Structures are given as structure tokens and as C-alpha cells.
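Just below is one structure, and these are the notes that go with it.
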Amino acid sequence: MRAIWSGSIGFGLVNIPVKLYSATQSSKLDLDMLDKRGHANIRYARINANTGKEVAWENIVKGYKYHDDYVVLTDDDFEKVSPRKSKMIDISEFVDEDKIESTFYETPYYMEPTKGGEKAYVLLREALKHHHKVAVGEFILRNRENLCILKPLGDVLLLQKIRFAEEIRDYADLDIPKDITLKPAEVKMAGALINQLTPKRFSLDKYKDTYDEELMKIIEAKAKGKKITQPKFKIVHNKSKDLMSQLKASLDTGTHTRKKAS
Amino acid sequence: MDITKTINGKKLTFSNLDKIYWPEEGYTKEDVIDYYNAIYPHIIKYMKDRPESLYRTPNGIKEKGFFHKDAGLAAPKWVKYLPLYSESAEKEINYIICNDKPTLLYLANLGCIEMNPWNSTIHDLDKPDYFVLDLDPSEKNTFQQVIETARVIKEILDKAGATSYPKTSGATGIHIYVPLGARYSYEQAKDFAHLIAMRTQELLPEFTSLERSLSKRGKNKIYIDYLQNRKGQTLSCAYSLRPKPGAPVSTPLEWKEVKKGLEPTDFTFENILKRIEKKGDLFKGTLLKGIDMLKCINRLS
Numbered sequence: 189m190r191a192i193w194s195g196s197i198g199f200g201l202v203n204i205p206v207k208l209y210s211a212t213q214s215s216k217l218d219l220d221m222l223d224k225r226g227h228a229n230i231r232y233a234r235i236n237a238n239t240g241k242e243v244a245w246e247n248i249v250k251g252y253k254y255h256d257d258y259v260v261l262t263d264d265d266f267e268k269v270s271p272r273k274s275k276m277i278d279i280s281e282f283v284d285e286d287k288i289e290s291t292f293y294e295t296p297y298y299m300e301p302t303k304g305g306e307k308a309y310v311l312l313r314e315a316l317k318h319h320h321k322v323a324v325g326e327f328i329l330r331n332r333e334n335l336c337i338l339k340p341l342g343d344v345l346l347l348q349k350i351r352f353a354e355e356i357r358d359y360a361d362l363d364i365p366k367d368i369t370l371k372p373a374e375v376k377m378a379g380a381l382i383n384q385l386t387p388k389r390f391s392l393d394k395y396k397d398t399y400d401e402e403l404m405k406i407i408e409a410k411a412k413g414k415k416i417t418q419p420k421f422k423i424v425h426n427k428s429k430d431l432m433s434q435l436k437a438s439l440d441t442g443t444h445t446r447k448k449a450s
Numbered sequence: 028m029d030i031t032k033t034i035n036g037k038k039l040t041f042s043n044l045d046k047i048y049w050p051e052e053g054y055t056k057e058d059v060i061d062y063y064n065a066i067y068p069h070i071i072k073y074m075k076d077r078p079e080s081l082y083r084t085p086n087g088i089k090e091k092g093f094f095h096k097d098a099g100l101a102a103p104k105w106v107k108y109l110p111l112y113s114e115s116a117e118k119e120i121n122y123i124i125c126n127d128k129p130t131l132l133y134l135a136n137l138g139c140i141e142m143n144p145w146n147s148t149i150h151d152l153d154k155p156d157y158f159v160l161d162l163d164p165s166e167k168n169t170f171q172q173v174i175e176t177a178r179v180i181k182e183i184l185d186k187a188g189a190t191s192y193p194k195t196s197g198a199t200g201i202h203i204y205v206p207l208g209a210r211y212s213y214e215q216a217k218d219f220a221h222l223i224a225m226r227t228q229e230l231l232p233e234f235t236s237l238e239r240s241l242s243k244r245g246k247n248k249i250y251i252d253y254l255q256n257r258k259g260q261t262l263s264c265a266y267s268l269r270p271k272p273g274a275p276v277s278t279p280l281e282w283k284e285v286k287k288g289l290e291p292t293d294f295t296f297e298n299i300l301k302r303i304e305k306k307g308d309l310f311k312g313t314l315l316k317g318i319d320m321l322k323c324i325n326r327l328s
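Just so you know, the protein sequences line up as chains P and B, in that order. First residue of the first sequence? That's 189 in this note's numbering, and the numbers climb one at a time after it. First residue of the second sequence? That's 28 in this note's numbering, and the numbers climb one at a time after it.
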């Protein structure tokens, strides 16, 4: 695993040097977009909506639509609001974890103590376990301020990014009925159903993303089908043939020029 | 310990010279600056007029370094820089152009143990002077396999009629450069490199791979990296020091040296100057006459 951030947890007078690692990975199949004819990769281009022509990166700016007109922002403007550089996860308070709704939860990261932080790391983890609390803190990642909680997860301390309150929507607009009375028998029946579907030992491992699995089966079957007609090295060779003719075409059309006198 | 010196009329302050960069060997920041001071006449040929990606390791080789973007503005006034749009940073950043000794030493003082210039120059930023194949072995590969892969690449390039120049990466791999004479686009350079990489992989399927994703590549495959031939991608240049144990230098080789017995750690900042004295600059061909790509392809097909 590669650390994505390194710094320290700070609370009171104690600093615990740590590294952060992503706790999650995408399990989605990596599919490429291709041209049906010849399987060339599709690339993105940035097009001027008026002229239909491609725009070079150096001519692209970012703007915000403000009263029907665009306010263009420059690097200086972004610089002005970017937070001071900090390598610190500042713990401000401790709280019972169930005080934080799951709607607040964002990406989880594992924390690893670095040199000199081992003991304090274990101490913080055990103290949190013992008191059933999580720590609430702030830190700066990729130039943005982030809110997080630190909580013990087995042997590791987990840093769970959480959303700011202003990012959570209100559901007052939804039509949720308030004045419905339930009969005791109905509640009892629903309860019985819940009990029936509650296993003695629960494990999320048994839930699999079967869509990708099925898709992979199809891919493998299709790839195998090809192999019958063409040995594997041939497939590769065709790919290099495609590339070769594509490159040849680009060279033939004279898209290269002589080196400018310098 | 800070020292201010005037070099070629440019005032430069060197800081923390006694900072240990290689704890096991005891080499310091001052050793790095001394090295670049001595290697300047050779390395500058491969840095001149090229935007420089600053990879800084100011705490020595045991700590991960970082890429310092937009270094131009913070530099002293006499340091040359060029504002360019960086796709990865999604904004215009000011790249330092290192054309003289004071600038090189300024970079060394920032904690740049290695030097990472672009493949193209400011004379035509869209046309690389060469393309590179970067052989990057995995944990379980032997250096002998890296050598074998390099030799296969050389064979294919010979068949294509393309001259090629190998150098140690300074870490565990080998870089192979093919001069293009700034006549082709990055896209064409990358495609041609890809083609050579594919041919190589077909011949050595057991221990080479073009798979970019580490997890899919497996631990016993050498990655033939042809993707360094994109605008703004950089490798450590010839004669660059590397932040690795033993203070190795990315060292140009003769093809006849690329054989059993060669070790990636053979060349360090302690013996490189003597070697240049004896062998001369083996890399100057990379900046001379480029290949004719179309002819090369025709010879391959």
C-alpha cells in the first residue's frame, strides 16, 4: 500500500506521527471506450461550444456564472482561499460514535504510526476502545479542509472523513406521512419477520457484486472463443499491427515537421 | 550551516549543508551539491532548455520526496522559468529551466537529489528529442532478466535500423533512449515506443509486461514502460544522482557492457567522473541525428 498523506495527530500536548492509507478500493471492472471499427481507444477533447474547435489547455480558464455573466477566477484567486499548509490532524473533541449519523460518513483511511509514534498510537486506540468514544478532528488533504473522526477498528486506528453539516440535505421536502396509526398485531408481525431474517452470526463477506462477476465471465468466454480461431500471440500481434498502421498513417499524412531552426 | 557564495555572478545561499541525506553511508547534502558542481559540464547538456520537474527529497533518501510544482516564482530572480499549462496540476505552473551552474546548484540546494528534465526543449515543446523505454523490474525479477529484456529491445531496434542508447536508471532498472531529432509528436513517439514494447513483450512473455496497474502486473514481471513518452512526463536524466542506497548515478552504458555481470549499483557519485574521463560521454548520440520513423516501421513490418 502507498501512503497518501503523512503528518501527525495532535491533541493536547501529544503529537502522534502517522501515515494515511486508503482503506477502500474500487471493484469495478475497468472498461475502455473503443471505436467499433478497429478498436482504437477513444480520447477526450475539450471543445469550444461555439466554434466546435478543440481548445488547448493553456487557453482554458475556470469561471462561475454570476447574474448571467461569467466571473473568471485566476490562480491568485484560488491561492487566496486555499487553507494554510498543515500536516496536523487537530483533535478538538471526543464523542459517542452514535451521535454521528451515517449520512455524514465519507471515505475511510487507515492510519499507521510512524517512527516514535507507536506507543501513543496504541494508547489512543485503547483509550477510545475503553471509553467507547471517537475523536473528532480537522485536517488538510489536497488543499482542502476536511472533517474527520478517528476510531479504533481492530488493531488499526481508522480515520473516517465526514461531511460538513452544510453538505447534508434536509428531507423536510419529502412527503413522509406522520399520522398513521399501527395496530399492535402488525408491529408484532413485522418484528417476527425481522427476527426470522436475523442471522446468529452476521458477515458482510457473503454479499458480492455479482454484476461484475457475471460480466467478467462473459469477457473470459469471449476471449476464449477468440483463442480457438487465433492463438494468443496472434491476438497481440494484431494489436501491434493496428498500432503500426495507425502510426504509419499519422506519419504519412505529414503531421510531423522538420525541426525548427533554433 | 549556511554559506552564501557568488557563482558566475549569481548570489546563492546554501543551507543545511551538513544534513545527512544517506544515513547508512553518511553522505550529506553538501556531497550532493559538490557532485552537481563537478558533473555540471556533462549533465547540463541533458538539462539545457528543458522544463524541469522538481522532485525534492530535502530529508534525504529515507523519506518520500515530493514534486514541487510551480517552483519558478519562488526562485531567485536570475533563475529562468517558463509558465506552462500542466494537465496533471490543471493549471498554469512555472517550470524552472536550468541552463547554468548557479541554477543547477540552486536545485540541488532545494533538495533535488535527482534531476528530471522534459523530453522536449523550449524550442519545440511538442516534439521530443528522443523516446525512452523504461525497464522497471518487479520484486521477483533478477537484474539478469532486465539485461535480457534490454538486449531483446536492442535487437528489435537494430532490425528497425534505429540507434539506441542504454543507461542505468540508477535504481533497479535500465532506460533505453532512441533519438528522434525533435521531428515527431509526443503521440507518435509514444506509439512507436509502444510498438517496440509490444514486440519485446511478445518475445519475452514469461517475465515482461505492458500492464500499468501494479496489482494486475504481478510480482515477477518487468514493466516495459513506454508511457514516459508523454508531454510533461520525466525520467531522471543521464548523470542524475538518485535518492537510493549507495548514491547511484543514472549512468550511460555501452551496449557491450549490457551483459551478465552488470549491476545496477555499479556506478555511483564516487566513480562516475573517472568513468566519463575514460569512456567519454556515451549519451551524446541521443541529442544528435534522429531516426526516420517511417523507414523503421517499414523495416519492422
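Glycine residues also receive a C-beta, built at the ideal position from the N, C-alpha and C atoms. Note that the coordinates shown come from a computational prediction; the quantities given were computed from them, not determined experimentally.
In this structure, leucine 137 of chain B sits near arginine 83 of chain B, with a CB-CB distance shorter than 8 Å. Taking 8 Å as the threshold, the shortest C-beta distance from leucine 321 of chain B to chain P falls below it. When DSSP states are grouped into helix, strand and coil, isoleucine 303 of chain B belongs to the helix group.
Boundaries of the beta strand (DSSP E) harbouring leucine 109 of chain B: 108 to 113, taken from the DSSP string. Here methionine 299 of chain P carries a strand assignment [DSSP, helix/strand/coil].
Comparing alpha-carbon positions, the option among B/Asn64, B/Leu222, B/Ile70 lying closest to leucine 431 of chain P turns out to be B/Leu222. By the Cβ neighbour-count rule, alanine 98 of chain B is buried, with 16 or more other Cβ atoms within 10 Å of its own. Alanine 189 of chain B is classed as buried because its beta carbon has at least 16 other beta carbons within 10 Å across all chains shown.
DSSP, reduced to helix, strand and coil, places threonine 313 of chain B within a helical segment of the structure shown.
Taking the Cα positions, isoleucine 71 of chain B is about 26 Å away from lysine 91 of chain B. In chain order, Asn121 place their CB closer than 7 Å to the CB of leucine 100 of chain B, counting only its own chain and leaving out the 5 sequence neighbours on each side.
Going by DSSP, glycine 379 of chain P is part of the alpha helix (DSSP H) stretching over 372 to 384. Considered as a whole, the region 209 to 291 of chain P harbours 250 to 254, 257 to 261, 276 to 284 as its complete beta strand (DSSP E) runs of no fewer than 3 residues, in chain order. The C-alpha of tyrosine 258 of chain P lies about 32 Å from the C-alpha of phenylalanine 327 of chain P. Across the set P/Lys429, P/Asn334, P/Ile407, P/Glu300, the C-alpha of P/Ile407 shows the shortest separation from the C-alpha of aspartate 218 of chain P. Each of P/Ile230, P/Val344, P/Ala323, P/Leu341 was checked against the Cα of leucine 335 of chain P, and the nearest Cα belongs to P/Ala323. For aspartate 220 of chain P, the nearest beta carbon of chain B is not closer than 8 Å to its own beta carbon. An exposed status is given to serine 328 of chain B, since fewer than 16 other beta-carbon atoms sit within 10 Å of its beta-carbon. For leucine 230 of chain B, the enclosing alpha helix (DSSP H) has its first and last residue at 213 to 230. In the same chain as cysteine 125 of chain B, and ignoring 5 residues on each side of it, the C-beta atoms closer than 7 Å to its own belong to Met74, Glu79, Leu131, Leu134, in chain order. Put simply, the backbone Cα of threonine 176 of chain B is about 26 Å away from that of glycine 259 of chain B. For histidine 202 of chain B, the enclosing beta strand (DSSP E) starts and ends at 201 to 206. Assignment of beta-bridge partners to aspartate 161 of chain B by DSSP yields B/His202, B/Asp252. Two segments are said to touch when three or more pairs of C-beta atoms, one from each, lie closer than 8 Å; by this definition the region 167 to 184 of chain B touches the region 222 to 233 of chain B. Note on phenylalanine 93 of chain B: under 16 other CB atoms within 10 angstroms of its CB, so exposed under the neighbour-count rule. Around the C-beta of methionine 221 of chain P, fewer than 16 other C-beta atoms lie within 10 Å, and the residue is accordingly described as exposed.
Taking the beta carbon of tryptophan 245 of chain P as reference, the chain B residues within 7 Å of it are Tyr112, Glu114, listed in sequence order.
Going by DSSP, glutamine 172 of chain B is part of the alpha helix (DSSP H) stretching over 170 to 187.
When DSSP states are grouped into helix, strand and coil, valine 285 of chain B belongs to the coil group. Histidine 69 of chain B is outside the set of residues whose beta carbon lies under 8 Å from a beta carbon in chain P. Put simply, the CB of leucine 222 of chain B is near chain P, with a gap under 8 Å to one of its CB atoms. Around the Cβ of leucine 385 of chain P, a 10 Å sphere holds fewer than 16 other Cβ atoms; the residue is exposed. Burial state of proline 372 of chain P is exposed, judged by a 10 Å Cβ sphere holding fewer than 16 other Cβ atoms.
By the neighbour-count criterion, in which a residue is buried when 16 or more other Cβ atoms sit within 10 angstroms of its Cβ, alanine 315 of chain P is exposed.
For leucine 338 of chain P, the pairing in a beta bridge is given by DSSP as P/Ala323, P/Leu347. Contact between the region 284 to 295 of chain P and the region 225 to 244 of chain P is absent, with fewer than three C-beta pairs closer than 8 Å.
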